[in-house]
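Visitor:
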Amino acid sequence: MRIALVTENFLPKLDGVTRTLAMLLEHIQLRGHRALVIGPEGAPRRYAGARIFGARGLPLPFYPELRALLPEPVFERRLSLFRPDVIHVVEPMILGAAGITWGRRLGVPVVSSYHTNLAAYCAYFHLSALIEPTWRYRRYLHNQTARTLCPSSSTRTQLVNRGFAQVGVWPRGVDTQLFTPARRSEAWRRRFCGDEQRTIILYVGRLSHEKNLPALVSAYTAVESETTHLVLVGDGPARADLERALAGHNASFTGYLAGEALAEAYASSDVFAFPSLTETFGQVVLEAMASQLPVVGFDAEGVRDQVRHGETGLLASAGDQRAFTDALSLLIQTPELRQRLGAQALHQAGKRTWESVMDGLLAVYQSVAYATPKQQAA
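Here you go:
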């Protein structure tokens, strides 16, 4: 097959979406298919054998790491020359909307994928008036495609309730060769907190307001002691505020980590704390579980699909700050509970392989690419 990806977000930016797309391109190459990518300017010219064309864009004022990408006629010509069997528009907004139009003009079926609850983000950026318009616009775009794929069952339920059609689940996997408890390092623990005996609470992700990080700060500072240390991996616009809030506390900021450095951070910690209420999946949760970490989070979309309360972690009711703090405190004070939940988390994560996840997506591509027009509309 010849597969074209039109994405608003790609490397070198590091997040769950870009890492998933990188692995998808690697899998496409492994299976002997060909790929082309139209994404943001600044991406590498090639990745896993795929030619990548960059679109210019303007940074979003409330989310400067993302850009509103500008579609140009040259991209449609590139697609026409590539002759794709299917076009996959990733998180369509502006460039993705053009990708849907290009597919219609070229007579190529289009699949879309939904990764981020942008409507929920509006509330965190004081743009509540845009919540409903954002939902309407996204529904309009996705409903023009043959399939809409999202990462979790809870997100699928939300989309169906919002009027999205032809919604399926494209789940996520984890690289258990990379993310493994075998990478635990006492030297890493000493480097970040000076004492390998401390209980290390880890957060991994973007340091931004939509991640509900004040809930983590509140919980940690309430339970902090001389034997605890908080490590935050990632970067973003909320970092300065977080550094001020945690000044004088046992806390460290590492900036972005990737590959073996990230895997070592997971494996060398004791508890994974993830306060986000706006996830559609939360790839970092699965990576933490594969590293044998029990998870503390909220019973919210995306996270609840992975964490089983009392089995692989502890979930507080969405927005219940006291319950979240109590759950974190319980895991800090009860090493045997951490060990039991962590062992079960490792077992569950081991069932989620990227190979099966990506083969499932290729099967969707094939079903759409080779369906009759009547089947595509069904």
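When the letters of the sequence shown are read in order and numbered with my numbering, they come out as residues 23 to 400. A virtual CB, placed ideally from N, CA and C, is assigned to each residue, including glycine.
1. At the level of alpha carbons, what is the spacing between Leu-128 and Ala-77?
2. Could you give the first and the last residue of the continuous alpha helix (DSSP H) run that contains Pro-95?
3. With 16 other CB atoms within 10 Å as the buried threshold, where does Lys-233 fall?
4. Grab me the residues of Arg-105's own chain with a C-beta within less than 7 Å of its C-beta, minus the 5 sequence neighbours each way, in chain order.
5. Any idea what DSSP makes of Leu-335, helix, strand or coil?
6. Are Leu-308 and Phe-320 closer than 8 Å when you measure CB to CB?
7. Quick check on the DSSP output: the alpha helix (DSSP H) that includes Arg-169 runs from which residue to which?
8. Would you mind working out which of Ala-262, Leu-163, Val-318 and Leu-36 sits nearest Gly-64, comparing C-alpha positions?
9. Would Arg-41 and Gln-305 be called neighbours here (beta carbons separated by less than 8 Å)?
10. Are the CB atoms of Ile-354 and Val-239 nearer to each other than 8 Å?
11. Hey, Thr-167 and Val-111: beta-carbon distance below 8 Å or not?
12. Of all the options Phe-296, Arg-53 and Thr-138, which has the alpha carbon lying nearest to the alpha carbon of Ala-70?
13. Taking the straight line between their C-alpha atoms, what separation do you get for Ile-60 and Ala-285?
14. With burial defined as no fewer than 16 other Cβ atoms inside 10 Å of the residue's Cβ, what is the status of Gln-199: buried or exposed?
15. Return the bridge partner residues of Gly-319 from the DSSP annotation.
16. The beta strand (DSSP E) that contains Pro-62, what's its start and end?
17. Apart from the five residues just before and just after Leu-171, which ones in its own chain have a Cβ nearer than 8 Å to its Cβ?
18. Compute the Euclidean distance between the alpha carbons of Gln-370 and Thr-202, then round it to the nearest angstrom.
19. Using the beta-carbon count (16 or more within 10 Å), is Pro-34 buried or exposed?
20. Helix or strand or just coil, what does DSSP make of Leu-359?
21. Is it a yes or a no for the region 211–221 touching the region 250–257, going by three-plus beta-carbon pairs under 8 Å?
22. Quickly, what does DSSP pair Ile-109 with across the bridge? List them, please.
23. Going by alpha carbons, who is nearest to Arg-12 out of Arg-206, Thr-179 and Val-293?
24. Would Val-255 and Leu-235 qualify as a contact pair, given that the criterion is a beta-carbon distance under 8 Å?
25. Tell me whether Pro-259 sits in a helix, a strand or coil according to DSSP, three-state version.
26. Taking only runs that begin and end inside the region 117–167, name each unbroken beta strand (DSSP E) of 3 or more residues, in chain order.
27. Leaving aside the five residues before and after Glu-98 along the sequence, list all residues of the same chain whose C-beta is less than 6 Å from its C-beta, in chain order.
28. Reducing DSSP to helix, strand and coil, say where Gly-270 ends up.
29. Would you decide whether Glu-358 is buried or exposed? Buried here means 16 or more other CB atoms lie within 10 Å of its CB.
30. For Leu-268 versus Phe-294, is the C-beta distance shorter than 8 Å?
31. Where do the ends of the beta strand (DSSP E) carrying Gly-281 lie?
32. Looking at the secondary structure, which residues open and close the beta strand (DSSP E) in which Arg-73 lies?
33. Decide if Gly-118 is buried, meaning its Cβ has at least 16 other Cβ atoms within 10 Å, or exposed.
34. If I measure Cβ to Cβ from Val-390 and keep anything under 7 Å in the same chain, skipping five residues before and after, which residues do I get?
35. Mapping DSSP to helix, strand and coil, what is Arg-213?
Guide: Looking at the atomic coordinates:
1. Here residue 128 refers to the residue found at position 106 of the sequence shown. Here residue 77 refers to the residue found at position 55 of the sequence shown. Those two C-alpha atoms are separated by around 20 Å.
2. Position 73 of the sequence shown holds residue 95. Taken as a continuous stretch (DSSP letters only), the alpha helix (DSSP H) holding Pro-95 covers 95–104.
3. Along the sequence shown, read from residue 1 onward, the residue named residue 233 stands at position 211. Burial call: buried.
4. As a working note, residue 105 is residue 83 in the sequence shown. The residues are Arg-24.
5. Counting from 1 along the sequence shown, the entry for residue 335 is found at position 313. Looking at the sequence itself, residue 335 is Gly, so the reference to Leu does not match. Reduced to three states, the DSSP call for Gly-335 is strand.
6. On the sequence shown, residue 308 is found 286 positions in, with the first residue counted as 1. On the sequence shown, residue 320 is found 298 positions in, with the first residue counted as 1. Result no, Cβ atoms of Leu-308 and Phe-320 do not sit closer than 8 Å.
7. Taking the sequence shown and counting its residues from 1, the one referred to as residue 169 is at position 147. It is not in any alpha helix (DSSP H) - Arg-169 instead sits in the beta strand (DSSP E) that spans 169–172.
8. As a first step, residue 64 is located in the sequence shown; it is residue number 42 there, counting from the start. It is Leu-36.
9. Indexing the sequence shown from 1 puts residue 41 at position 19. Indexing the sequence shown from 1 puts residue 305 at position 283. Against a cut-off of 8 Å, the Cβ pair of Gln-305 and Arg-41 comes out as a contact.
10. Residue 354 sits at position 332 when you count from the first residue of the sequence shown. Residue 239 sits at position 217 when you count from the first residue of the sequence shown. Contact: no.
11. Taking the first residue of the sequence shown as 1, we reach residue 167 at position 145. Taking the first residue of the sequence shown as 1, we reach residue 111 at position 89. Yes, Cβ-Cβ distance for Thr-167 and Val-111 is below 8 Å.
12. Residue 70 sits at position 48 when you count from the first residue of the sequence shown. Measuring from the Cα of Ala-70, the nearest candidate turns out to be Arg-53.
13. Position 38 of the sequence shown, counted from the first residue, corresponds to residue 60. Position 263 of the sequence shown, counted from the first residue, corresponds to residue 285. When rounded, the distance between both Cα atoms is 30 Å.
14. Position 177 of the sequence shown holds residue 199. With fewer than 16 other Cβ atoms within 10 Å, it is exposed.
15. Translated into the one-based positions of the sequence shown, residue 319 becomes position 297. In DSSP, Gly-319 forms a bridge with Phe-296 and Leu-337.
16. The sequence position of residue 62 within the sequence shown is 40, counting from 1. First-last of the beta strand (DSSP E) with Pro-62: 56–62.
17. In the sequence shown, the residue the question calls residue 171 occupies position 149. The residues are Val-133, Ser-134, Ser-135, Tyr-136, Val-189, Gly-190, Val-191, Trp-192, Leu-383 and Val-386.
18. Here residue 370 refers to the residue found at position 348 of the sequence shown. Here residue 202 refers to the residue found at position 180 of the sequence shown. Using only the alpha carbons, I get a separation of about 13 Å.
19. If you number the sequence shown from 1, residue 34 lands on position 12. Exposed, by the Cβ-count rule.
20. Counting from one through the sequence shown, the residue named residue 359 turns up at place 337. If DSSP states are grouped into helix, strand and coil, Leu-359 belongs with the helices.
21. yes
22. By one-based count along the sequence shown, residue 109 stands at place 87. Ile-109 is bridged to Ala-26 and Val-132.
23. One cannot answer for residue 12 here, as it falls past the ends of the chain, which runs 23 to 400.
24. On the sequence shown, position 233 is the one that residue 255 refers to. On the sequence shown, position 213 is the one that residue 235 refers to. No; because the gap between Cβ atoms is not below 8 Å, this pair is not in contact.
25. Walking along the sequence shown from the start, residue 259 turns up at place 237. Coil, per DSSP.
26. 132–135
27. Against the sequence shown, residue 98 aligns to sequence position 76. The answer, listed in chain order, is Trp-124.
28. Locating residue 270 in the sequence shown gives position 248, where the first residue counts as 1. Three-state DSSP puts Gly-270 in coil, outside helix and strand.
29. Taking the first residue of the sequence shown as position 1, residue 358 is located at position 336. Burial call: exposed.
30. For this step, residue 268 is matched to residue 246 along the sequence shown. For this step, residue 294 is matched to residue 272 along the sequence shown. Not in contact: Leu-268 and Phe-294 (Cβ atoms no closer than 8 Å).
31. Here residue 281 is taken as the residue at index 259 of the sequence shown, counted from 1. Taken as a continuous stretch (DSSP letters only), Gly-281 belongs to no beta strand (DSSP E), being part of the alpha helix (DSSP H) at 281–289.
32. To locate residue 73, count along the sequence shown from 1; it is residue 51. 72–77 is the span of the beta strand (DSSP E), which, as asked, contains Arg-73.
33. As a working note, residue 118 is residue 96 in the sequence shown. Counting Cβ neighbours within 10 Å, Gly-118 comes out buried, since at least 16 surround it.
34. Counted from its first residue, the sequence shown places residue 390 at position 368. Taken in chain order, the residues that qualify are Val-108, Pro-131, Val-133, Ala-168, Arg-169 and Gln-398.
35. Residue 213 sits at position 191 when you count from the first residue of the sequence shown. The answer is helix: DSSP assigns Arg-213 an H, G or I state.
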